[in-house]
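J.:
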Amino acid sequence: MGRSLSDLFVFIAKRLVQLIPVLLGVIVLTFIVTHLRLTGLCNEWYPHAGAQTLANCNAKYGAPLLNQFWDYFSGLLQGNWGASVTGVQVYPAIAADLPATIELVLASLFLMIVIGIPLGVIAAQYSGRLGDHLVRIFYLSGWATPTYLGAVIAAVFVGPALGLPTGGEYSTTIPPFTQYTHMSVLDAMIALNLPYTVDAIEHLILPATVLAFINMGIATRMTRASMLEVLPLDYVQSARMKGLAEFWVMYKHALRNALITTTTVLGITAGGLLAGTVVIEEVFDWPGIGQYAFTAIGGNSSTPNFDGAVAVVIIFAIAVVVANLAADILYGLLDPRVDWR
Amino acid sequence: MKDVAAPVVKAARQENSLSVLWRVLRANPLSFLGFLMVAVLGITALVVVVAPGLIIPYGPLQQTMARNAPPSLQHPFGTDNLGRDIYSNVMLALPLDLGIGFAIAGSALIIGGALGLLAGFYNTPGTVGGAVSISIMRVTDIFLSFPSLILALALTRVLGLGVGPTVLAITITWWPFYVRLVRGEVLAVKHLPYVNAARAAGVTENRILLRHVLRNVLEPTIVYFTLDIGTVLVTYSTIGFIGVASKYPGPQPEWGAMLAFYQQTGSANVYPWLVIAPGAAIFITVLAFSLLGDGLRDILDPRTRRAFVRGTITHDPPPETPAPLPVASGAVTDSNPVAPVTVIDTGVRT
Numbered sequence: 001m002g003r004s005l006s007d008l009f010v011f012i013a014k015r016l017v018q019l020i021p022v023l024l025g026v027i028v029l030t031f032i033v034t035h036l037r038l039t040g041l042c043n044e045w046y047p048h049a050g051a052q053t054l055a056n057c058n059a060k061y062g063a064p065l066l067n068q069f070w071d072y073f074s075g076l077l078q079g080n081w082g083a084s085v086t087g088v089q090v091y092p093a094i095a096a097d098l099p100a101t102i103e104l105v106l107a108s109l110f111l112m113i114v115i116g117i118p119l120g121v122i123a124a125q126y127s128g129r130l131g132d133h134l135v136r137i138f139y140l141s142g143w144a145t146p147t148y149l150g151a152v153i154a155a156v157f158v159g160p161a162l163g164l165p166t167g168g169e170y171s172t173t174i175p176p177f178t179q180y181t182h183m184s185v186l187d188a189m190i191a192l193n194l195p196y197t198v199d200a201i202e203h204l205i206l207p208a209t210v211l212a213f214i215n216m217g218i219a220t221r222m223t224r225a226s227m228l229e230v231l232p233l234d235y236v237q238s239a240r241m242k243g244l245a246e247f248w249v250m251y252k253h254a255l256r257n258a259l260i261t262t263t264t265v266l267g268i269t270a271g272g273l274l275a276g277t278v279v280i281e282e283v284f285d286w287p288g289i290g291q292y293a294f295t296a297i298g299g300n301s302s303t304p305n306f307d308g309a310v311a312v313v314i315i316f317a318i319a320v321v322v323a324n325l326a327a328d329i330l331y332g333l334l335d336p337r338v339d340w341r
Numbered sequence: 342m343k344d345v346a347a348p349v350v351k352a353a354r355q356e357n358s359l360s361v362l363w364r365v366l367r368a369n370p371l372s373f374l375g376f377l378m379v380a381v382l383g384i385t386a387l388v389v390v391v392a393p394g395l396i397i398p399y400g401p402l403q404q405t406m407a408r409n410a411p412p413s414l415q416h417p418f419g420t421d422n423l424g425r426d427i428y429s430n431v432m433l434a435l436p437l438d439l440g441i442g443f444a445i446a447g448s449a450l451i452i453g454g455a456l457g458l459l460a461g462f463y464n465t466p467g468t469v470g471g472a473v474s475i476s477i478m479r480v481t482d483i484f485l486s487f488p489s490l491i492l493a494l495a496l497t498r499v500l501g502l503g504v505g506p507t508v509l510a511i512t513i514t515w516w517p518f519y520v521r522l523v524r525g526e527v528l529a530v531k532h533l534p535y536v537n538a539a540r541a542a543g544v545t546e547n548r549i550l551l552r553h554v555l556r557n558v559l560e561p562t563i564v565y566f567t568l569d570i571g572t573v574l575v576t577y578s579t580i581g582f583i584g585v586a587s588k589y590p591g592p593q594p595e596w597g598a599m600l601a602f603y604q605q606t607g608s609a610n611v612y613p614w615l616v617i618a619p620g621a622a623i624f625i626t627v628l629a630f631s632l633l634g635d636g637l638r639d640i641l642d643p644r645t646r647r648a649f650v651r652g653t654i655t656h657d658p659p660p661e662t663p664a665p666l667p668v669a670s671g672a673v674t675d676s677n678p679v680a681p682v683t684v685i686d687t688g689v690r691t
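Here the protein sequences come in this chain order: A and B. Here the numbering used here is used: position 226 in the first sequence is 226, and no number is missing along the way. Add 341 to a position in the second sequence, counting from 1, and you land on the number used in the numbering used here.
1) Three or more C-beta pairs closer than 8 Å, one from the region 515 to 522 of chain B and one from the region 555 to 567 of chain B: is that the case here?
2) Where does residue 89 of chain A fall in DSSP's three states?
3) Under a Cβ-count criterion, where at least 16 other Cβ atoms within 10 Å of its own Cβ denotes burial, should residue 260 of chain A be classed as buried or exposed?
4) Between which residues of its own chain and residue 687 of chain B is the CB-CB distance below 6 Å, once the five residues before and five after are set aside?
5) In chain B, what lies closer than 9 Å to residue 230 of chain A by C-beta?
6) Can you give me, in chain order, the residues of the region 491 to 504 of chain B that have a beta carbon less than 9 Å from any beta carbon in chain A?
7) Please list the terminal residues of the continuous alpha helix (DSSP H) segment that includes residue 14 of chain A.
8) If you draw a straight line from the C-alpha of residue 375 of chain B to the C-alpha of residue 141 of chain A, how long is it?
9) Quick one: which residues of the region 546 to 580 of chain B get their C-beta closer than 7 Å to a C-beta of chain A? List them in chain order.
10) For residue 263 of chain A, go through chain B and note every residue whose CB falls closer than 9 Å to its CB, in chain order.
11) Leaving out five residues before and five after residue 287 of chain A in sequence, what residues of the same chain have Cβ atoms less than 7 Å from its Cβ?
12) Let me confirm a value: residue 269 of chain A is counted as buried when at least 16 other C-beta atoms fall within 10 Å, else exposed. Which label applies?
13) Hey, how far is the Cα of residue 548 of chain B from the Cα of residue 490 of chain B?
14) Taking the alpha carbon of residue 173 of chain A as the reference point, which residue from A:163, A:192, A:43, A:196 has its own alpha carbon closest?
15) Taking 7 Å as the threshold (beta carbon to beta carbon), is residue 628 of chain B in contact with chain A?
16) Taking only three categories from DSSP, how would you classify residue 179 of chain A?
17) By how many angstroms is the C-alpha of residue 252 of chain A removed from the C-alpha of residue 116 of chain A?
18) For residue 648 of chain B, which residues from the same chain have a beta carbon less than 6 Å from its beta carbon, with the 5 sequence-adjacent residues on both sides left out?
19) Strictly below 8 Å CB to CB, what residues from chain B border residue 133 of chain A?
20) Residue range of the alpha helix (DSSP H) that residue 545 of chain B falls in?
21) Contact between the region 530 to 537 of chain B and the region 618 to 626 of chain B is defined here as three or more beta-carbon pairs at a separation below 8 Å; is this criterion met?
22) Could you tell me how far apart the beta carbons of residue 579 of chain B and residue 148 of chain A are, in whole angstroms, since I believe they sit closer than 8 Å?
23) Ordered along the chain, which non-local residues of its own chain (more than five positions away) have a Cβ less than 7 Å from that of residue 627 of chain B?
24) Apart from the five residues just before and just after residue 584 of chain B, which ones in its own chain have a Cβ nearer than 8 Å to its Cβ?
25) Would you say residue 436 of chain B and residue 428 of chain B are within 7 Å of each other, going by their C-beta atoms?
26) What are the boundary residues of the alpha helix (DSSP H) that residue 604 of chain B is part of?
27) Would you mind sorting residue 670 of chain B into buried or exposed? The rule is 16 or more other CB atoms within 10 Å of its CB.
28) For residue 152 of chain A, does the count of other Cβ atoms within 10 angstroms reach 16, so buried, or fall short, so exposed?
29) Taking residue 3 of chain A and residue 328 of chain A to be in contact with their CB atoms under 8 Å, please state how far apart those CB atoms are, rounded to whole angstroms.
30) Under 6 Å from any heavy atom of the ligand FAD, does the C-beta of residue 620 of chain B make it?
31) For a contact defined as C-beta to C-beta under 7 Å, what are the partners of residue 341 of chain A on chain B?
32) Count the other CB atoms within 10 Å of the CB of residue 277 of chain A; is the residue buried (16 or more) or exposed (fewer)?
33) Should residue 545 of chain B be labelled buried (16 or more other beta-carbon atoms within 10 Å of its own) or exposed?
34) Determine, using beta carbons only, whether residue 264 of chain A and residue 180 of chain A come nearer to each other than 7 Å.
35) Closer than 6 Å by C-beta to residue 188 of chain A: which residues in its own chain qualify, once you throw out the five before and the five after it? Chain order, please.
36) Three or more C-beta pairs closer than 8 Å, one from the region 157 to 171 of chain A and one from the region 199 to 214 of chain A: is that the case here?
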């Protein structure tokens, strides 16, 4: 059994190396599926564009696929992600938008953990009875709610009813101030300004809650399933027999083992959370990468941005791969049976 | 030749699938509710297609005198600013959305299922099959790295706007889930004694695959498929909401596009029925499939089956001679101490 510090280093390094072919595959695959059928699309994309724009577009997307890929890939290696038809560079826009999205995703992950996991414990405790059914209806409701529906209902009905803001990161009354991290709450805290911080948190509540509600089922379901696996085990029985309160038996002894699976599954939900941001950020006017994706890809967009769309697909896939990697490593840390060597 | 392994299979499966389904539904009230809801939705959709005049009073674009009218007997879900009947539009969208759910999940099932069978069954390293198997799984893994919604959205940019291209785009992102599922199931059953028995009796490999392995993989796959229709609907209508799939108002309404239209024209907060009706329609449809599938999955998933059996489901082997449960993909067992993270299937799509 190798669980020493140097083994851990090897464990993580091995996974980082395994990441390289996957990332390459992601880039190649995105490129192929998005560029296979491009000739003639320029007129469709830019119906109102001038002759020069169309000629540029046709020259770029009319070249042989291999040449196009080489141009794109070598650009990518130099940090050039292309530009929209109006000449706006993709990379700076995405780099500025990413932190706001990370903030939103972390906030809803937090909500999923503090609400979703206890619900899973309750469902396992009352397995097959009323409590189980109620929890199931709750998380299946979240699951059955398309993101846009939850977002629109929260923005149109819930927000005004609770007096919560439904758009942007801060109120318009707040003057612009230096943003170091581009994460609204963190920046307000760095500015040591309490009213700003409260305002930022208020703006974060609704989008984060909707995102968490929709994806909560995964955390609850997995916690329930692994609790059901753990509860009949001897060590839980003996904790009970020594007179421990049921609460501590559940949350300290049983949940501790059950959480190993849930943690890894939370890493996998990253994809769901990210995809959710596309609609949520648009509805709540949250200045993140989801909103960027919406404008780059959306059918109603007046300035279609194909390079931006491709870049967003690659970035979202990388985010998912990295989240899976983090979950994999976390699993190795949490489960003492995992050999790190 | 006559299939000599048939009695073995028969002993392992004492009941046919229909009666198992009935037991499962009876044991789980929520699944039964979902089953009823799916049945009602299906029948309604059929009526809309066959005899729309029976339940749809107005055309999708027909303007009536009642403008922005709240729900009433004449207009059960109210009307919009031009007097278009919301109820008629919501009902007209039902067959389209259901049909799309079946079409996408169905093609993903067939494509992904076939690839999964191949990748799981002919995976001997060093053979042609092994090489094919590895290539299938590599491509699948890469596809699984993408949030399907995002990839599908980018694909609609290339394939063009409209229902057909959107269906194609989602299908392209959807089949890998079935490869993973079916391959895992094949790996779990292909070394069970009844398969070895069939092989020892001289049954050909292809026949083993089609008659013995496929049949046992079918059941969990169908359950997953049921649950999946709801997920497909969510994805499709989200693309509709983003404005790529269909145009509303138009001759063929779609719930996501409908909701987006009324939200963006800004009348939703004054006339809430405009977004509530299409929203409730999609919510109820997806919930129906989720309720049906989720309960079924609980019982078919070996990780939770034991807790659920408790006398209600008796098609498991008796406890004194426990048969080896198929190793759940991602489960931690003695022979498989560290399960790779990527194969834990949460069943939830992005």
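The C-beta atom is built at its ideal place from N, Cα and C for all residues, glycine as well. Fair warning: this is a prediction, and the values are worked out from it, not measured in the lab.
T.: Quick answer:
1) A contact is defined here as three or more CB-CB pairs under 8 Å, and the region 515 to 522 of chain B meets this definition with respect to the region 555 to 567 of chain B.
2) DSSP places residue 89 of chain A in the strand class (E or B) of the three-state scheme.
3) Here residue 260 of chain A is buried: its Cβ has 16 or more other Cβ atoms, across all protein chains shown, within 10 Å.
4) Since pLDDT at residue 687 of chain B reaches only 42, below the 50 mark, its modelled position is unreliable, and the value read off the structure follows with that caveat. Residues of the same chain with a CB within less than 6 Å of the CB of residue 687 of chain B, apart from the 5 flanking positions on each side, do not exist.
5) Going along chain B, no residue has its Cβ under 9 Å from residue 230 of chain A, so there is no contact; the nearest lies around 11 Å.
6) Cβ contacts with chain A come from 491, 492, 494, 495, 496, 497, 498, 499, 500, 501, 502.
7) First-last of the alpha helix (DSSP H) with residue 14 of chain A: 5 to 35.
8) Taking the CA atoms as reference points, residue 375 of chain B sits about 13 Å from residue 141 of chain A.
9) Contact residues of the region 546 to 580 of chain B toward chain A are 571, 575, 578, 579 (C-beta to C-beta distance below 7 Å).
10) Per Cβ cutoff of 9 Å: no residues; residue 263 of chain A is ~10 Å from chain B at best.
11) Residues of the same chain with a CB within less than 7 Å of the CB of residue 287 of chain A, apart from the 5 flanking positions on each side, are 97, 100, 169 in chain order.
12) Label assigned to residue 269 of chain A: buried.
13) The C-alpha of residue 548 of chain B lies about 38 Å from the C-alpha of residue 490 of chain B.
14) Comparing Cα positions, the closest option is A:196.
15) Yes, residue 628 of chain B counts as interfacial toward chain A.
16) Here residue 179 of chain A sits in coil by DSSP.
17) The C-alpha of residue 252 of chain A is placed about 17 Å away from the C-alpha of residue 116 of chain A.
18) The predicted position of residue 648 of chain B is uncertain, since its pLDDT is 39 and thus under 50; no value can be drawn from it.
19) Within 8 Å of the CB of residue 133 of chain A, the CB atoms of chain B belong to 370, 371, in sequence order along the chain.
20) Unbroken run through residue 545 of chain B: none, as it is neither H nor E.
21) Not touching, per the Cβ criterion.
22) Rounded, the Cβ-Cβ distance is 6 Å, consistent with contact.
23) Contacts found: 571, 574, 575.
24) Spatial neighbours of residue 584 of chain B in its own chain (CB-CB distance under 8 Å, excluding positions within 5 residues in sequence) are listed in chain order as 598, 601.
25) The beta carbons of residue 436 of chain B and residue 428 of chain B sit no closer together than 7 Å.
26) Counted as a single uninterrupted DSSP element, the alpha helix (DSSP H) harbouring residue 604 of chain B occupies residues 596 to 605.
27) Residue confidence is low: residue 670 of chain B scores 39 on pLDDT, short of 50, so the model does not pin down where it sits. No coordinate-derived value is stated.
28) For residue 152 of chain A, the number of other beta carbons within 10 angstroms of its own is at least 16, and it is reported as buried.
29) Their Cβ separation, rounded to whole angstroms, is 16 Å, which puts residue 3 of chain A and residue 328 of chain A out of contact at 8 Å.
30) For the ligand FAD, the structure offers nothing, since it holds no ligand at all.
31) Near residue 341 of chain A there are no residues of chain B at all, since even the closest Cβ is about 11 Å away, more than 7 Å.
32) Classification of residue 277 of chain A: buried, given that the 10 Å Cβ count is 16 or more.
33) Residue burial annotation: residue 545 of chain B is exposed, with fewer than 16 other C-beta atoms found within 10 angstroms of its C-beta.
34) Remark: C-beta atoms of residue 264 of chain A and residue 180 of chain A do not approach each other more closely than 7 Å.
35) Closer than 6 Å at the Cβ level, and outside the excluded window around residue 188 of chain A, lie 196, 197, 200.
36) Touching, yes.
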